[in-house]
Amino acid sequence: MAKTHGRLTEILRVLIKFNVIPNLIQQKNPDQVKSAFEELGPTFIKIGQMLSVRDDLLSPNFTKTFKTLQDSVPSDSFEITKHTIETELNESLETIFDEFNQIPFASASMGQAHRAILKNGEAVVVKVQHPNIAEEILMDLQLFERAIPLIKYIPETSVIDLKGVLQEVKRSLTNELDFYKESQNGAQFYQLNDHWREIRTPKIYEAFCSKKVIVMEEMSGENLNHLMNLKESDSSIIETIGNSQLKQQIAKLLIEHFMKQVFDDGFFHADPHPGNLLFKILSPEEAEKNVTTDTKEYQKELGAFTVKAETSVTEPLQPYVLSYIDFGMMGHLSTSLRQKLVEAVLALYTRDLYRIEKAVVLLCQQEGAFDESNFHQQLADFLAQYLDSPIEDIDLQQVFTQIIKICHQNHLQIDRDITLLLKAFSTLEGVIRVLDPEISLMEVASPFAQRYFLTHLSLEDTLKQSGLDLFESMKTVPKLPQQIHHLIEAWGNGQGKINLELKKQDQLFNRIESMVNRLVFGVILAALIVGSSLLVQAAPTDQVNFITILGIFTYTIAAVVILFLAIDTLITYFKKRRK
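Per the numbering used here, the very first residue in the sequence shown carries number 34; after that it's consecutive.
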């Protein structure tokens with residue numbers, strides 16, 4: 034209890050020190066908010082990182098600043114690290130490793146990484162979770178849950194789904210705290226992607242992985258930031274390739290590999306920032322072995338026999354490799370969701386407004402009153418500016434961001450997996466823009482979407498469905514004259530009905546009811562005034578009696594009501610003018 038109170042005091046102190054709430058509400062001083070989040074630790078850093086892609090909630094200055102959030106914490110002592118490993122794996126350190134570097138080479142909010150050598154001589158990286166970090170994060174999340182009922186009374190925060198953001202943060206942090214789940218993600222990513230062209234991923238030693246420990250193959254190379262910061266005027270790091278050309282090749286490789294993850298695998302790296310990517314130039318001996326083999330199988334039916342043939346083509350790859358090293362945040366896309374995503378990308382490519390609207394709605398869940406007409410109009414107005422633009426000039430990230438904003442305005446919630454995909458795409462897009470500002474993400478994405486569509490298009494099923502539809506249509510054709518005759522006969526007998534659906538009919542009926550109530554109120558008011566006048570006129574003039582008092586009292590009521598209606602009318606008038 035004392036610990037919780039102390040943490041709450043610390044959070045309040047930092048929020049006040051950096052003026053966080055007013056800055057967020059007024060969308061100003063993003064650097065102050067960033068500093069506050071970094072001081073408050075992993076939970077707040079994760080919130081900032083998630084908000085960095087919420088262009089529908091924050092200004093571009095905030096999202097850009099939040100993308101630079103860094104988590105760095107002091108490393109644990111070797112004794113603590115050794116105790117964690119031995120407790121988790123139930124073996125002594127000396128039994129597992131031949132060598133273990135006691136000083137970590139990296140330390141982040143969740144854990145720290147050490148280099149080591151297994152008993153079989155293989156070089157590995159051991160990632161160990163900080164002790165008590167899970168308890169600290171869960172305590173922060175509980176404090177958030179308690180604070181939400183108070184924060185939501187601030188008017189400016191009503192547009193933000195605080196509970197939804199908290200659930201998203203909680204889900205993400207829970208996944209990242211489970212290192213065993215990360216090891217399974219890494220093993221799956223290794224199976225799907227290792228040696229795909231110039232892409233490499235570390236082998237995961239699942240026998241030495243637990244909820245707080247991961248052991249993976251050590252990948253050599255430099256952080257991708259090193260390549261991103263290279264200038265054309267700098268010395269070429271590869272003799273046969275200029276720096277600009279090299280950066281363009283890496284940009285295209287990253288995009289094509291990401292599209293492969295999304296459309297072919299349905300399993301993608303959701304945090305492809307430069308810190309999670311290593312770039313390595315191969316030695317002449319390694320480059321000579323760096324080849325790819327494309328194998329194709331052919332099968333032919335010849336009567337009762339089946340003839341099979343196989344051809345293989347081996348081609349050399351570039352003298353470098355790109356390695357992924359962290360698998361804490363991964364995304365999954367079901368076949369159904371991928372098909373919907375393909376429809377959206379192809380619709381954008383063909384610039385068919387109706388098709389785009391249909392594809393977007395399929396990717397969403399309705400969270401409130403949905404006005405289809407208003408949604409269509411907003412979407413059409415936004416996309417109109419792209420109809421005459423060359424496809425290579427379309428900024429896919431900007432289009433997605435604005436479409437999400439329109440969806441939120443119309444109470445449509447994008448599928449969570451698609452939101453994670455857009456976060457990953459936004460992160461990757463930032464890397465690509467530095468490597469090659471001229472590249473068109475739309476041009477690279479469209480062929481993958483088209484190929485996926487054609488691969489999953491079953492001609493046989495399509496023909497069957499078309500045949501059934503045609504058969505059903507043919508069955509109804511002979512009945513058309515009879516149905517038309519019945520329709521005319523019904524109208525002739527006065528039995529015809531027309532059903533009309535009014536848009537926003539509840540608002541319309543409420544407005545009509547208000548008008549009728551005012552009209553009735555006005556009639557009653559007029560009757561009161563007329564009745565009061567008759568009472569006063571009929572009363573004796575030489576003395577004040579009950580009838581006179583009643584008449585004057587009724588006059589007073591009428592005057593107060595008239596004054597009230599006048600004030601109400603003025604307030605309504607000024608509210609409309611402000612809008």
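From the three backbone atoms N, C-alpha and C, an ideal C-beta is built for every residue, glycine too.
Note that this is a predicted model, so its numbers are computed, not measured.
Taking 8 Å as the threshold (C-beta atoms), are M252 and S140 in contact? No, the pair does not count as a contact, with Cβ atoms beyond the cut-off.
Return no unless some Cβ of chain D is closer than 8 Å to the Cβ of I170. The chain labelled as chain D is not found in the depicted structure, where only one protein chain is given.
Taking K236 as the reference, give the member of R230, M249, K100 with the closest Cα. Taking each of R230, M249, K100 in turn and checking the Cα distance to K236, the smallest one comes out for M249.
Can you find the residues in the same chain that come closer than 7 Å, C-beta to C-beta, to L520, ignoring five residues on each side of it along the sequence? none
Using the three-state DSSP reduction, which class does G299 fall into: helix, strand or coil? coil
Would you identify the three-state DSSP class for P511, choosing helix, strand or coil? Here P511 carries a helix assignment [DSSP, helix/strand/coil].
Going by DSSP, what residues sit across from E265 in a beta bridge? According to DSSP, E265 bridges with nothing at all.
Please state the DSSP three-state secondary structure of A402. coil
Determine which residues share a DSSP beta bridge with Y353 and list them. I314
4 or more residues per run - each alpha helix (DSSP H) lying fully within the segment 34-116: 35-50, 53-59, 63-73, 75-84, 93-99
Tell me the DSSP secondary structure of M252 in three-state form. coil
Alpha carbon to alpha carbon, what distance is there between R544 and P470? 53 Å
Say whether the segment 230-246 touches the segment 370-390, bearing in mind that this needs 3 or more beta-carbon pairs closer than 8 Å, one atom from each stretch. No, the segment 230-246 does not touch the segment 370-390.
Per DSSP, I274 is paired with what? I271
Quick one, are the C-beta atoms of T37 and M172 less than 8 Å apart? With contacts defined by Cβ atoms closer than 8 Å, T37 and M172 form a contacting pair.
Once you ignore the five residues that flank Q60 on each side, which residues in its own chain have a CB closer than 6 Å to its CB? If you ignore the 5 residues before and after Q60, its C-beta comes within less than 6 Å of the C-beta of S92, all in its own chain and listed in chain order.
Are I247 and E201 touching if we call contact CB-CB under 8 Å? no
Could you please give me the residues that DSSP links to E348 through a beta bridge? T325
Check this for me: beta carbons of N276 and S269, under 8 Å apart or not? With respect to S269, N276 sits close: the two C-beta atoms are nearer than 8 Å.
So who's on the other strand from R544, going by DSSP bridges? Note: R544 sits in no beta bridge, so no partner.
Can you give me the Cβ contacts of I439 inside the same chain, cut-off strictly under 8 Å, excluding the 5 residues immediately before and after it? F408, Q411, L412, F415
By DSSP, does Q135 sit in helix, in strand, or in coil? coil
Cβ atoms of E132 and A149: under 8 Å apart, would you say? yes
For the pair the segment 377-389 and the segment 303-320, tell me if three or more CB-CB distances fall below 8 Å. no
Inter-residue spacing [alpha-carbon to alpha-carbon] between K50 and N62: 13 Å
Just the Cα atoms here: how many angstroms apart are D448 and S205? The alpha-carbon atoms of D448 and S205 are separated by roughly 15 Å.
Could you check what DSSP says for C440 in three-state terms: helix, strand or coil? helix
Alpha carbon to alpha carbon, what distance is there between S125 and M292? 43 Å
Can the beta-carbon of Y223 be found closer than 8 Å to that of C242? Contact flag unset, no.
To which residues of the same chain is G144 closer than 7 Å at the C-beta, ignoring the five residues directly before and after it? K160, V161, Q162, H163
Please classify V66 as buried or exposed, where buried requires at least 16 neighbouring CB atoms within 10 angstroms. buried
CA-CA distance, K152 and H116? 20 Å
I'd like to check one pair, G401 with H441: are the Cβ atoms closer than 8 Å? no
Using the three-state DSSP reduction, which class does K214 fall into: helix, strand or coil? Note: K214 maps to helix in three-state DSSP.
Compute the beta-carbon to beta-carbon distance between A591 and L552, rounded to the nearest angstrom, for a pair I have assumed lies under 8 Å. The beta-carbon separation of A591 and L552, rounded to 16 Å, does not stay under the 8 Å limit for a contact.
Could you give the DSSP three-state label for A156: helix, strand or coil? strand
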